[in-house]
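Residue numbers (the working numbering), protein chains in the order written: chain A, 17 to 100; chain Y, 11 to 502.
C-beta: ideal position from N, C-alpha, C; glycine also.
From a predicted model like this one, the values you see are computed outputs, not experimental measurements.
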Amino acid sequence: MQQIREDILDFLRAQSFMDNDIHFDDNESLTKAGIIDSIGLLELLDYISESYSVEVPEDMLTPDNLDSVQGITNLIIKLKDERS
Amino acid sequence: MRIDSFVGKNAKEKPHQLALIDGEKTISYEHLDKNIDHIALSIREFGNCRFAVMAESGIQYVEMLLAVYRSDNIAIPLPIELAVLGLERILDTASIRNIIVTETQYSRFGKTFFNRFSTVILVNDDSSVDILRKVVVDEQNNPDLRLVLYTSGTTGTPKGVMLSDRNLVANAESIIEILGITSADKAALVFSPHHAFGNSIINSHLTVGGCVCIGSMNFMGSVFSMLESGMSMFYGVPSTYRLLLRYPEKFKSAFGNVRLAATAGGAIDNTIVNNLRDSNPDIRIMPMYGQTEATARLAYLPAHDVSEFYDTIGKAIPGVTLDVFDADNNPTETDITGELVARGENIMLGYLDNEYATEKKIIDGWMHTGDLAKKLSNGYFKLLGRKDDIIKIGDHRVNPRELEKYIEENTDVSGVFVVPVSHEILGNAISLMVMPNCNTDVDSVFSFCKRNLPGYLCPQEVLYIDHLPLSENGKICNRSIIEGYQSVKNSM
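Printed below as a string of structure tokens:
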């Protein structure tokens, strides 16, 4: 879980204007904080499916699952569990 | 009438009718009107003063905007997606002393960002107001000015489009008429309300007492659930529909009960039209055309003509006159290319603090759109690219969009983009970027050009690309093509 969280943070740092040393809460809204937008989210989905070999179903494309580091981490764990 | 007075009228006539939905939050006309009053009260000492409105998309943004209207001041919504640098460029050119800001944006931008303002009004999540400081300074502004919308904030000098109450109401009324909006309609707004298109949706639906559901394109699952919750109208730019079409099955069920799908901000393509009709045979598809300088809308293509005339912008909306002028500002004949011009009550007062740009844009009462167009024999207008995109090669003036179309129609490719490149003798020459299909062959594209085009139009090179060179607004123009070309070159 910690590894997934770190990977997601690295992805966000690489993709966005996010400063390397910026501190934000794992539950903070990524879209409201301006860290990611709709195009960035598409790239995030591609990243998730490539890195973890899981597809995110349409119904799960919601703020609960994608708008925070915590939500994204939980989503990946859930999808990986369902697959195995 | 001001736009906010329609909200007041609706609050009296049908207080419990829903005005706005924003995720789990909803607000009736009665409450919206009260909140507007409450916020307006905090700035009532000002009159005809500029107020920056800094709020994320949502109910609060609408309340704050309409409160600035109601207090008889001038609203300047800040496009918050631009982040600090882009916003500072706007603030530097607009000389704004006062700001009204949400809690979220205040903490996002930080206290020091707001030091430049002498008045800072903070609107809390519960719509209560904290006056952080207030200094009333008289300003000399156009007495008719109500709203300033900024264009091209990311590149070039930002220009503030000055709109009056009359502009806003006239355009809202035209839009209501062409789309047949009623108080029973529920409209989905999934992009920023800070710009002309989003603003026009809010204005037209709140004027008739309908309901707007505010969302974003960030989370597709949420957009689909919003549509399925009973939206009767959906608005999007072409890329909005393309994003949703990544999920074709969901798209089909989501649009099943939508009565009208409207587009603006670029030409619609047949894939979008066909998918919408597949999901709902009775859906009305309404492509619209406009500019911020015209409040929002100028033209529309009636739904029954979408199949046949999808590559046109249709005709002028009620209250607007469109024409095509030649270089001497005389109307052209049918089928002759010139510049599209417009007049009507929706045409802006001018650019804020920029008379020079205003005089170039509005000449003898006609607003020059900067779009090349021709009149068709049925009275519709067809766009042929941006006037600024004309490339001068030697003494020839070349419209790259026409050349692209010619090559596309005669070679086996899925898309062609003409890139102006510098040339030792001619000044400019062209290169081509080609989106290949499985049969595309560079040599045959070259030989087609050699055989069929004058020498000065023969491409210097032909490069393959794998995605459209779109601008940040999802449009094709020389600038977006040149940027695409540079990134292809850099990666070679």
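Annotation: K96/A has no Cβ neighbours in chain Y at a cutoff of 8 Å; minimum Cβ distance is about 19 Å. Taking all protein chains in view, the Cβ of M296/Y is crowded by 16 or more other Cβ atoms within 10 Å, so the residue is classified as buried. At least 9 Å separates the beta-carbon of N181/Y from that of E303/Y. Annotation: Cβ neighbours of G50/A in chain Y (cutoff 8 Å, chain order): I90, E91, A93, R118. Per the Cβ contact rule, the segment 383 to 401 of chain Y is not in contact with the segment 355 to 366 of chain Y (fewer than 3 Cβ pairs under 8 Å). Between A65/Y and D43/Y, the C-beta gap is not smaller than 9 Å, which leaves the two residues out of contact. Interface annotation, D75/A: in contact with chain Y, CB-CB separation under 9 Å. Chain-ordered, the chain Y residues with CB closer than 8 Å to the CB of T47/A read S226, N228. Rounded to the nearest whole angstrom, the C-alpha separation of S235/Y and S202/Y is 19 Å.
With fewer than 16 other Cβ atoms from the protein chains shown falling within 10 Å of its own Cβ, G190/Y counts as exposed. Considering only H406/Y, Q496/Y, G240/Y, F391/Y, the residue with the shortest C-alpha distance to L442/Y is Q496/Y. Around the C-beta of D288/Y, fewer than 16 other C-beta atoms lie within 10 Å, and the residue is accordingly described as exposed. Only residues of its own chain outside the window of five on either side were considered, and among them V351, R353 have a CB closer than 6 Å to the CB of W376/Y, listed in chain order. Under DSSP, no beta-bridge partner is assigned to L286/Y. Where C221/Y is concerned, the enclosing beta strand (DSSP E) starts and stops at 221 to 224.
Contact between the segment 459 to 479 of chain Y and the segment 431 to 445 of chain Y is established, with three or more Cβ pairs separated by less than 8 Å.
One alpha carbon belongs to T250/Y, the other to G96/Y, and they sit about 24 Å apart. Between the alpha carbons of N228/Y and R461/Y lies a distance of about 48 Å. Each residue's CA atom was taken as its position, placing Q115/Y and D41/A some 17 Å apart. Judged by their CB atoms, D32/Y and G225/Y are nearer to each other than the 9 Å cut-off. The DSSP-derived three-state label of M230/Y is helix.
Neighbours of S54/A in chain Y, taken as residues whose beta carbon is under 8 Å from its own, are S226, M227, N228, L253 in chain order. Straight through space, the alpha carbons of C221/Y and I293/Y are spaced by roughly 19 Å. Taking C-beta separations shorter than 7 Å and ignoring five residues to either side along the sequence, the partners of D135/Y in its chain run E113, following chain order.
Interface residue (Cβ-Cβ distance to chain Y less than 9 Å): D42/A is not classified as such.
Of all residues in the segment 257 to 268 of chain Y, the ones placed with a Cβ closer than 7 Å to any Cβ belonging to chain A are Y257, K260, in chain order. Considered as a whole, the segment 100 to 188 of chain Y harbours 108 to 112, 129 to 133, 139 to 143, 155 to 161, 169 to 174 as its complete beta strand (DSSP E) runs of no fewer than 3 residues, in chain order.
The segment 138 to 154 of chain Y and the segment 49 to 67 of chain Y touch, with three or more beta-carbon pairs separated by less than 8 Å. In chain order, G380 place their CB closer than 7 Å to the CB of D398/Y, counting only its own chain and leaving out the 5 sequence neighbours on each side. Rounded to whole angstroms, D321/Y and H314/Y show a C-alpha spacing of 14 Å. A check of alpha carbon separations from A104/Y across I46/Y, R126/Y, I401/Y, Y39/Y identifies R126/Y as the nearest. Contact note: E493/Y does not reach chain A at a C-beta cutoff of 7 Å; the least C-beta distance is about 15 Å. Within the same chain, Cβ atoms closer than 8 Å to the Cβ of V423/Y are found at I417, V444, M445, P446, N447, T450, V455, the five residues on either side in sequence being excluded. Under the three-state reduction of DSSP output, T322/Y falls in the coil class, being neither helix nor strand. Of the candidates E419/Y, I435/Y, K370/Y, I435/Y places its Cα closest to the Cα of K402/Y. Taking 4 residues as the minimum length, the alpha helix (DSSP H) runs contained wholly in the segment 26 to 94 of chain Y are 39 to 51, 69 to 80, in order along the chain.
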